[in-house]
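Student: Each residue of the sequence shown is one higher than the one before, counting from 1 in our numbering. Note that beta-carbon positions come from the ideal geometry of N, C-alpha and C, so glycine has one too. Can you read through this structure? Questions will come right after.
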Amino acid sequence: MTLNFLNSKETCSKGIIYFVIITFCITYLMDAFIFLNGGLKYNNIFVFLITMMFVPLIVSTLLTKFYLKRPLTSFGIKIGTSLKYYLVAYFYPFLALGLGFLLFALMGFGKLSPNLDLIFPSQYGIPIYIYLTTYILAPVFPNSIFAFGEEYGWRGYLQDLLLEKFSISKTLIIVGIIWGLWHAPLIAMGYNYNQYPLPGVFLFVLWTTFVGIFFGWLKIRSKSVMTAALGHGAVNAYIGFGIIFAQTNNQLLGVPFGLPGLIAFLILAIIFFLDLKRNYPKNF
Numbered sequence: 001m002t003l004n005f006l007n008s009k010e011t012c013s014k015g016i017i018y019f020v021i022i023t024f025c026i027t028y029l030m031d032a033f034i035f036l037n038g039g040l041k042y043n044n045i046f047v048f049l050i051t052m053m054f055v056p057l058i059v060s061t062l063l064t065k066f067y068l069k070r071p072l073t074s075f076g077i078k079i080g081t082s083l084k085y086y087l088v089a090y091f092y093p094f095l096a097l098g099l100g101f102l103l104f105a106l107m108g109f110g111k112l113s114p115n116l117d118l119i120f121p122s123q124y125g126i127p128i129y130i131y132l133t134t135y136i137l138a139p140v141f142p143n144s145i146f147a148f149g150e151e152y153g154w155r156g157y158l159q160d161l162l163l164e165k166f167s168i169s170k171t172l173i174i175v176g177i178i179w180g181l182w183h184a185p186l187i188a189m190g191y192n193y194n195q196y197p198l199p200g201v202f203l204f205v206l207w208t209t210f211v212g213i214f215f216g217w218l219k220i221r222s223k224s225v226m227t228a229a230l231g232h233g234a235v236n237a238y239i240g241f242g243i244i245f246a247q248t249n250n251q252l253l254g255v256p257f258g259l260p261g262l263i264a265f266l267i268l269a270i271i272f273f274l275d276l277k278r279n280y281p282k283n284f
C-alpha cells in the first residue's frame, strides 16, 4: 500500500515523533490532574475523558496544517465509501462479544446471566423503546463523533505516516500498542480493571492492539477514517454488554477485557490480518 506524501521521510518521521510526544504529554497531564483530584471518583472526570478523546485530533490537525503543510483531508476524511464497511464497523462488537461469550461459557469462568435492570433500568420509568432507540443510534451519534477525535489521530494521521516507513502488519501493531499506552494512566487508576489495575495495563494494551487491527483494517480497506470512527463508536456503545452478560468474580477472566474477551478479539484480528495479507501481499 503506497501513499503519495509530499514530504520527505525525515519530515514524516518527525511528524510521527512530535505527534506521539505532544499527544501523550497533554493527556498524561490531564490524567495526573484526575489522579490528584480523587482519581476515578473525580466529579468532572467525564468532561476530562471526552476532552481527551479530541487531543489526538487537535494535535494531528495542527501538525498536518503547520508542520507537514498538507490539506486536512489528507488522512481519509471522507464519508463516501462502500456501505459494507460501515455495516461491518457497526456489527463488529456484536460478533466479538458473541465469540467472547462462547469462550467464556466453554472455559467455565462464570455464568451467562443478563442483568436486564442494568440495560433497561425500570426505576427511571422510561419506556423500553426509548432505551432500544438510544442503543441503536449511540454508535452513530454521539459516540462516533467523540471517537472521530481519536481515530483521525491514530488511524488517520499516525497510521498513514507509519505506513510510509513500515509494513501494514507492523504499522497496525505499533499503532495499537501506542494507543493502549495512551490509556495506561487511567487503566492504572482502575479504569476497566478496578480489581487488577497494574496487570490491567498490560492486558489493555493487548486489547487495544487486537481491536486496533480491526480499526486499521477499516481505514485501509475503505480509505476513510470515518468507518474507523463508527467502529470505535460501536465498540464504546456495546462493549459494556460483556460485563453485564458474562458474570464473574474475576475481571481477568471476563468479557470483554479478560482472557476470553482477549482471545475473541485476537481471533477476529487474525481474520482481518489475513484479509489484508491477501489484498496487499507486497506491503503486508
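#1: For residue 159, which of 212, 134, 251 and 108 has the nearest alpha-carbon?
#2: In whole angstroms, what is the alpha-carbon distance linking residue 253 and residue 204?
#3: What three-state label does DSSP hand residue 251 in the structure shown?
#4: List, from N- to C-terminal side, the alpha helix (DSSP H) runs of 4 residues or more that fit wholly inside the stretch 54 to 94.
#5: When burial is assigned at 16 or more other CB atoms within 10 Å of the CB, is residue 107 buried or exposed?
#6: Using the beta-carbon count (16 or more within 10 Å), is residue 275 buried or exposed?
#7: Using only the alpha-carbon positions, how far apart do residue 148 and residue 194 sit?
#8: Between the Cα of residue 53 and those of 143, 35, 114 and 219, spot the shortest distance and give me the residue it belongs to.
#9: Once the 5 residues before and after residue 101 are set aside, which same chain residues still bring their CB inside 7 Å of it?
#10: Identify the continuous alpha helix (DSSP H) that holds residue 170 and give its terminal residues.
#11: For residue 50 and residue 146, I'd like the C-alpha separation in whole angstroms.
#12: Tell me the rounded alpha-carbon separation between residue 18 and residue 64.
#13: One question on the structure: do residue 189 and residue 35 come within less than 8 Å of each other, judged by their Cβ atoms?
#14: Is residue 111 helix, strand or coil when you go by DSSP?
#15: Answer yes or no: do residue 224 and residue 76 have a C-beta to C-beta separation smaller than 8 Å?
#16: Let me know the secondary structure DSSP gives residue 234 once reduced to three states.
#17: Can you tell me which of 237, 85 and 94 puts its alpha carbon nearest to the alpha carbon of residue 222?
#18: Assuming residue 23 and residue 182 make a contact with CB atoms under 8 Å, what is their CB distance in whole Å?
#19: Out of 282, 243 and 42, state which residue places its alpha-carbon closest to the alpha-carbon of residue 261.
#20: Going by DSSP, name the residue or residues bridged to residue 246.
#21: For residue 286, tell me which candidate among 281, 265 and 280 has the shortest Cα-Cα distance.
Tutor: Looking at the coordinates:
#1: 212
#2: 13 Å
#3: helix
#4: 55 to 66
#5: exposed
#6: exposed
#7: 27 Å
#8: 143
#9: 112, 245, 246 and 255
#10: 168 to 182
#11: 7 Å
#12: 11 Å
#13: yes
#14: strand
#15: yes
#16: helix
#17: 85
#18: 7 Å
#19: 243
#20: 112
#21: In the structure as shown, the chain begins at 1 and stops at 284. Residue 286 is therefore absent and cannot be evaluated.
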